[in-house]
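J.:
Chains as they are written, first to last, in the working numbering: chain A, 10 to 145; chain B, 10 to 145; chain C, 10 to 145; chain D, 10 to 145; chain E, 10 to 145; chain F, 10 to 145; chain G, 10 to 145; chain H, 10 to 145; chain I, 10 to 145; chain J, 10 to 145.
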């Protein structure tokens with residue numbers, strides 16, 4: 010199960026300035042939900058049904074009062090490893106969990122998934138309005 | 010013959026948010042229409058006239074109430090395999106079939122065809138107005 | 010001599026929709042005009058003066074009532090093979106010939122020429138106003 | 010069904026010299042055999058079981074008395090389009106058919122197949138002994 | 010735990026010929042052993058100690074009487090997902106398991122692991138003597 | 010400790026024109042702060058805690074009355090070599106130091122850091138309003 | 010010394026249309042000014058002080074009544090070969106010389122210089138307002 | 010018609026040493042022979058039958074007493090422009106013409122032809138024995 | 010000062026087999042010796058003389074009884090950070106230190122250094138004889 | 010005029026071991042000899058006849074008693090800047106000068122020249138016998 014409680018933050022050292030933080034996380038993996046049932050699928054990894062999914066998660070945000078701590082983000086993303094979850098839900102869930110803990114001015118999450126059945130999927134969701142982008 | 014009835018959908022799990030789904034389908038193949046007559050050309054594959062065409066289909070959309078199910082999209086695209094159809098018609102037909110079944114807020118289909126006669130063709134069609142794109 | 014009469018069209022199968030057709034033609038070749046005099050230079054190919062030029066022609070348009078037929082475009086571009094013509098004139102001439110025959114809503118021609126004398130040239134010309142581009 | 014009778018040859022114009030001919034054929038497609046039964050699977054293309062396979066076939070040979078005619082090779086490779094055949098058999102079959110018709114001094118066929126189930130396969134088979142390779 | 014019993018084979022359809030089969034498996038993942046203790050580490054995935062490892066496994070062999078079945082290879086590689094195992098052991102273990110089940114004339118396994126601590130590792134092991142390689 | 014006093018400038022030779030200067034500095038290195046304590050960490054380089062960080066610093070600005078002298082910029086960036094500093098602070102600190110010394114019309118600093126714990130970070134900060142960008 | 014008198018023009022063959030000409034000149038070389046003194050440095054090439062600089066000059070413009078002749082541009086750029094000149098001055102000087110001779114509707118010069126002291130510099134300057142860019 | 014009489018040589022300035030000269034000529038073009046009849050096809054360029062072929066010619070040799078003059082090689086290769094000739098003949102013909110005029114210790118010609126009918130061809134021929142290759 | 014005492018090993022888990030371990034270490038940095046005097050240069054980092062050097066160290070070996078522990082290798086390479094050392098000495102020193110501690114059957118160290126003064130250097134040294142390489 | 014007297018050496022710090030040093034020098038430039046007459050051409054740089062040549066010089070050697078000093082190599086290569094010299098002579102001259110001063114066990118010089126008249130040239134010359142190469 011995804012564990013948002015793993016996410017930690019630290020105070021934004023330059024809170025008076027609008028600036029952007031981008032992170033590429035190329036080692037995201039979860040499981041395909043078996044028969045459309047999402048949830049813990051750890052016993053199923055060796056079975057054909059609950060096949061592993063792989064993605065690069067690309068997270069971009071303008072920090073408000075706090076920044077996400079890198080090591081805790083890594084641990085949070087690892088907590089999807091044995092979870093059965095659809096692409097669309099994974100990306101939106103990560104966005105919701107991060108927004109709730111980090112409270113950024115704006116945040117975008119892109120899930121760039123590996124080829125499955127000859128098709129590559131990329132899901133993009135965002136929250137808030139990107140500030141001052143014309144000058145970055 | 011293209012079989013739009015193969016397309017299946019599932020309810021958008023985050024229908025309250027404008028977000029984008031992109032799919033690259035690099036294994037699209039159909040046949041060139043013989044003598045300009047489109048239709049079933051399966052007997053013609055080994056003849057010079059009805060030569061195979063190959064393309065990557067790139068589909069992007071903002072889901073409304075429903076999302077297209079990936080496996081059914083794969084089967085739908087396979088149903089063009091022995092069909093004689095022009096580039097322009099294939100791209101617009103896929104857009105029409107998907108819009109009718111999935112009813113997205115906005116959708117774009119790009120057909121990126123392999124070199125033929127020393128010329129590479131890319132056809133792009135869209136339906137609806139892209140929402141909130143400035144913040145993605 | 011360029012032969013615009015080789016260009017053929019077919020009726021746009023989706024004339025009710027604004028969509029884009031792009032073609033990359035990587036095998037365009039003509040001759041450098043001898044002594045600045047443009048025209049037929051077929052006898053001059055083996056002489057140093059009328060040196061061959063090579064380019065990729067990139068053509069993009071929104072079709073109106075008709076589309077350019079691919080095979081006829083190929084033949085038309087071949088008709089420059091033994092013609093002495095400047096870069097700027099070639100690109101604008103192709104744009105003019107295509108606009109006159111195909112009558113698109115908007116068309117752009119980019120001539121991406123090979124290195125000559127240590128300098129690479131790219132010429133871009135367009136005709137009309139690109140419709141609905143914000144949604145493609 | 011593969012149709013080796015489509016293969017045509019022409020006399021090697023430089024039969025007195027050991028030289029190499031290499032061809033990349035990036036548009037090979039066949040069908041995955043349904044339930045392990047190989048053979049004609051044309052009705053099955055739209056069903057999940059007989060899924061399409063895609064490969065680049067790379068053919069290299071030293072011609073003896075004859076060379077394979079390019080257009081006939083293209084038609085021969087197209088004749089696999091609706092055939093259910095395993096990777097290993099396809100590559101070895103193409104090698105056998107070509108060796109029988111063209112009778113080269115040496116020939117190698119490499120089947121470079123697209124990712125399936127997260128795994129990419131490359132099959133390499135050859136016939137005869139490569140002559141004079143140290144000087145090419 | 011790695012499950013070699015998942016590996017299945019099928020009879021080599023061209024057993025009379027020395028030919029090569031190569032497979033790239035870019036989605037291998039296991040866990041780093043906690044405190045140097047290898048074994049089942051499924052509860053540890055969300056902890057810092059048992060960090061996930063990622064690799065591309067590249068397998069090449071000359072089949073003898075049998076070939077490894079692709080789907081069963083995929084399931085076998087998935088069975089390392091929650092196993093704590095060192096790089097060197099994983100590569101040699103996969104080689105041993107495959108050689109025992111498939112009994113090839115020659116086999117090589119290359120484990121191409123992602124950057125860890127700023128260092129990228131590639132482990133290469135083989136079994137048997139590569140036949141006839143000079144003609145492939 | 011970062012030494013902004015190393016930064017030198019020279020008079021902008023074309024102060025009457027709005028133009029852009031961009032510099033890529035691919036050899037930036039500092040140390041990760043030990044236990045969250047920033048400052049001089051030179052004795053710690055060989056210890057696991059104060060691990061080296063590596064980044065490409067990308068600096069872009071429209072000069073006002075003065076330009077930054079290249080050699081002095083190099084020396085200034087070297088002065089971070091044995092300093093323990095967080096990513097966000099390093100990028101914003103470099104921006105502040107440069108803006109104070111060079112007083113540009115607009116400046117942007119992008120810190121493109123190497124993979125750490127499987128995550129790549131890119132921090133972007135700017136100061137001032139970019140002039141006349143529509144014509145560059 | 011740069012020799013703007015080498016620059017020649019020819020009448021724009023399509024003066025009635027706004028179109029763009031782009032040239033990449035990857036073989037620009039000049040000398041670093043010795044002790045900050047710009048000017049003729051031909052005797053200094055073999056000395057450490059007046060080190061050679063290398064750049065790609067990228068020139069883009071919308072021609073007015075005339076176009077720059079390619080061969081004369083090449084000769085003009087060669088005339089910097091033994092000149093000691095700063096990056097910022099070289100780019101702005103080339104822009105000034107070309108604008109004075111060619112009188113374009115709009116012109117941009119980008120000097121993309123090789124790595125020096127571990128830092129890569131790119132200088133961009135323009136003159137005039139880019140016309141009709143939304144349709145190119 | 011190919012004009013070997015255009016080829017000129019100059020005395021090898023280091024004839025006492027075995028060294029290698031390699032030339033890539035990416036702008037070779039000839040015509041496909043009409044109806045299999047090779048010869049002058051200059052009137053046919055605008056017709057579908059005698060379609061243009063494009064290739065990169067890669068020539069490598071160890072010079073004996075003389076080297077091929079670069080400008081004359083360029084003119085010689087241009088003389089194929091309006092000639093109808095098969096791939097295999099073109100490569101072997103160039104090898105024969107060069108060997109006769111330049112008399113190298115060893116020479117190899119590789120014709121790397123553009124995709125035709127979905128197939129890419131590369132023809133490699135050599136003459137003589139490559140000397141001392143183990144030390145280059 | 011380089012600290013070989015940081016290097017740790019673990020017993021080779023497959024000591025009965027000849028196999029290869031390769032490691033790419035892209036974040037090696039040391040200092041250029043000031044005035045040709047090698048040794049501790051930590052105070053000199055901010056001075057122009059003792060400029061930082063950057064390299065990728067590529068280490069390949071066939072383990073004997075033991076393997077080098079990855080984390081300890083990382084710490085050992087970090088210990089060059091404030092050391093003034095020539096390229097040739099750094100590569101040969103790393104080889105000597107590793108051979109002494111790890112005692113491999115064969116080992117090669119390649120130092121791939123960043124551009125300095127417009128010149129890129131790569132130093133390659135090895136110890137022992139590479140076993141069984143023909144089958145890997 | 011090339012100035013071999015600029016070349017300096019330092020004692021090989023590991024003279025007891027056969028190891029390899031490779032240097033890429035991407036900024037070599039000289040002049041094309043005017044009318045075939047080699048020599049000082051500094052006045053001719055701005056004229057069409059003595060056109061600049063550009064190359065990457067790739068130098069590889071096994072040092073004997075001494076190594077070439079990097080800064081002096083850079084100065085030596087700069088000394089060709091205003092010299093009219095043919096490709097073949099430049100590469101062999103650099104090899105001769107270096108061999109005379111550095112006296113390596115084996116040395117190779119590769120001159121990789123920029124495209125001229127649509128043709129790219131690469132000249133490779135070596136001196137001595139490469140030692141122990143099988144283990145590097």
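Even for Gly, the Cβ is constructed at its ideal location relative to N, Cα and C.
The structure presented is a predicted model; accordingly, all values stated were derived computationally and were not measured.
1) Where does residue 54 of chain B sit, in a helix, a strand or coil, going by DSSP?
2) Specify the secondary structure class of residue 16 of chain D as computed by DSSP and reduced to three states.
3) So, residue 111 of chain J versus residue 61 of chain J, is the Cβ gap smaller than 9 Å?
4) Name, please, each residue of chain L whose Cβ falls closer than 7 Å to the Cβ of residue 133 of chain J.
5) Below 7 Å on C-beta distance, what does residue 67 of chain A contact in chain E?
6) Could you give the residue range of the alpha helix (DSSP H) that holds residue 83 of chain E?
7) Whole angstroms is fine: what's the gap from residue 97 of chain B's alpha carbon to residue 77 of chain C's?
8) In terms of DSSP beta bridges, what is residue 138 of chain H paired with?
9) Just the C-alpha distance for residue 79 of chain C and residue 36 of chain B, rounded to the nearest angstrom, thanks.
10) Suppose you measure from the CA of residue 84 of chain G to the CA of residue 135 of chain G; what does that come to, to the nearest Å?
11) With a threshold of 8 Å (Cβ to nearest heavy atom), would residue 24 of chain G be considered close to the ligand ZN?
12) Compare the C-beta of residue 73 of chain A with all C-beta atoms of chain B and state if any pair is closer than 9 Å.
13) Tell me which residue opens and which closes the alpha helix (DSSP H) that residue 96 of chain I is part of.
14) Where do the ends of the beta strand (DSSP E) carrying residue 41 of chain F lie?
15) Taking the beta carbon of residue 64 of chain G as the centre, do at least 16 other beta carbons fall within 10 Å, making it buried, or is it exposed?
16) When the Cα of residue 137 of chain C is compared with those of C:123, C:127, C:117 and C:20, which residue comes out closest?
17) Please report the residue range of the beta strand (DSSP E) in which residue 70 of chain E lies.
18) Assuming contact is defined by CB atoms lying nearer than 9 Å, are residue 106 of chain J and residue 13 of chain J in contact in what I supplied?
19) Can you list the residues of chain D that residue 128 of chain H reaches, using a CB-CB cut of under 8 Å?
20) Suppose the cutoff is 6 Å on Cβ atoms and the five residues either side in sequence are ignored; what does the same chain contact list for residue 69 of chain C look like?
21) DSSP state of residue 48 of chain G, grouped into three classes?
22) Could you spell out where the beta strand (DSSP E) holding residue 117 of chain A opens and where it closes?
23) Going along the segment 114-127 of chain C in order, which residues come within less than 9 Å of chain J, judged by CB to CB distance?
24) Could you tell me if residue 46 of chain G is buried or exposed, where buried requires 16 or more neighbouring beta carbons within 10 angstroms of its beta carbon?
25) Taking the DSSP output, what are the residues bridged to residue 125 of chain H?
26) Name, in chain order, the residues that DSSP records as bridge partners for residue 32 of chain G.
27) Put residue 27 of chain C into one of helix, strand or coil per three-state DSSP.
28) For residue 20 of chain G, count the other beta carbons within 10 Å of its own beta carbon; 16 or more makes it buried, fewer makes it exposed. Which is it?
29) Nearest CA to the CA of residue 86 of chain C: which residue from B:29, B:139 and B:126?
30) Leaving out five residues before and five after residue 18 of chain J in sequence, what residues of the same chain have Cβ atoms less than 7 Å from its Cβ?
31) So, does the CB of residue 90 of chain H fall closer than 9 Å to a CB anywhere in chain C?
32) Using beta carbons (cut-off 9 Å, strictly below), is residue 2 of chain H in contact with chain J?
33) Suppose you measure from the CA of residue 40 of chain H to the CA of residue 124 of chain J; what does that come to, to the nearest Å?
34) So, is residue 48 of chain I buried or exposed, given that buried needs 16 or more other C-beta atoms within 10 angstroms?
35) Sorted by chain position, which residues of the same chain lie with C-beta nearer than 6 Å to residue 139 of chain D's C-beta, five sequence neighbours on each side aside?
T.: This is what the structure holds:
1) In this predicted model, residue 54 of chain B has a pLDDT of only 47, less than 50, meaning its place in the structure is not dependable enough to derive any value.
2) In the structure shown, residue 16 of chain D sits in coil (DSSP, three-state: anything other than H, G, I, E or B).
3) Not in contact: residue 111 of chain J and residue 61 of chain J (Cβ atoms no closer than 9 Å).
4) Looking for chain L here will not work: the only protein chains present are A, B, C, D, E, F, G, H, I and J.
5) Those within 7 Å of residue 67 of chain A in chain E number zero; the least Cβ separation is about 17 Å.
6) In the DSSP assignment, residue 83 of chain E falls within the unbroken alpha helix (DSSP H) covering 79-87.
7) Pairing residue 97 of chain B with residue 77 of chain C, the inter-Cα distance amounts to about 11 Å.
8) Among the bridge pairs identified by DSSP, residue 138 of chain H is matched with none.
9) Their Cα atoms are separated by approximately 22 Å.
10) About 22 Å.
11) As for the ligand ZN, it is missing from this structure, which has no ligand bound.
12) At a cut-off of 9 Å between beta-carbon atoms, residue 73 of chain A makes no contact with chain B.
13) Annotation: the continuous alpha helix (DSSP H) that includes residue 96 of chain I extends over 96-111.
14) Note, residue 41 of chain F: premise wrong, no beta strand (DSSP E); not H, not E.
15) By the 10 Å Cβ count, residue 64 of chain G comes out buried.
16) It is C:117 whose Cα lies nearest to the Cα of residue 137 of chain C.
17) Here the beta strand (DSSP E) through residue 70 of chain E covers 61-71.
18) Here residue 106 of chain J is near residue 13 of chain J, since their CB atoms are less than 9 Å apart.
19) 32, 33, 34, 79, 82 and 83, listed in chain order.
20) Answer for residue 69 of chain C: 31 and 117, listed in chain order.
21) Of the three classes helix, strand and coil, the one that applies to residue 48 of chain G here is strand, per DSSP.
22) In the DSSP assignment, residue 117 of chain A falls within the unbroken beta strand (DSSP E) covering 115-122.
23) Correct list: 123, 124, 125, 126 and 127.
24) Residue 46 of chain G should be labelled exposed.
25) H:128.
26) According to DSSP, residue 32 of chain G bridges with C:130 and G:68.
27) Residue 27 of chain C falls in the coil class under three-state DSSP.
28) With fewer than 16 other CB atoms across the displayed protein chains lying within 10 angstroms of its CB, residue 20 of chain G is exposed.
29) The option with the nearest alpha carbon to residue 86 of chain C is B:126.
30) Around residue 18 of chain J: 75, 76, 77, 78, 110 and 111.
31) Output row for residue 90 of chain H: interface = yes.
32) There is simply no residue 2 of chain H to check, as chain H begins at 10 and stops at 145 in what is shown.
33) Per the coordinates, the alpha-carbon of residue 40 of chain H lies some 25 Å from the alpha-carbon of residue 124 of chain J.
34) Taking all protein chains shown into account, residue 48 of chain I has fewer than 16 neighbouring C-beta atoms within 10 Å of its C-beta and is therefore exposed.
35) Excluding residues within five positions, the ones whose Cβ falls inside 6 Å are 115.
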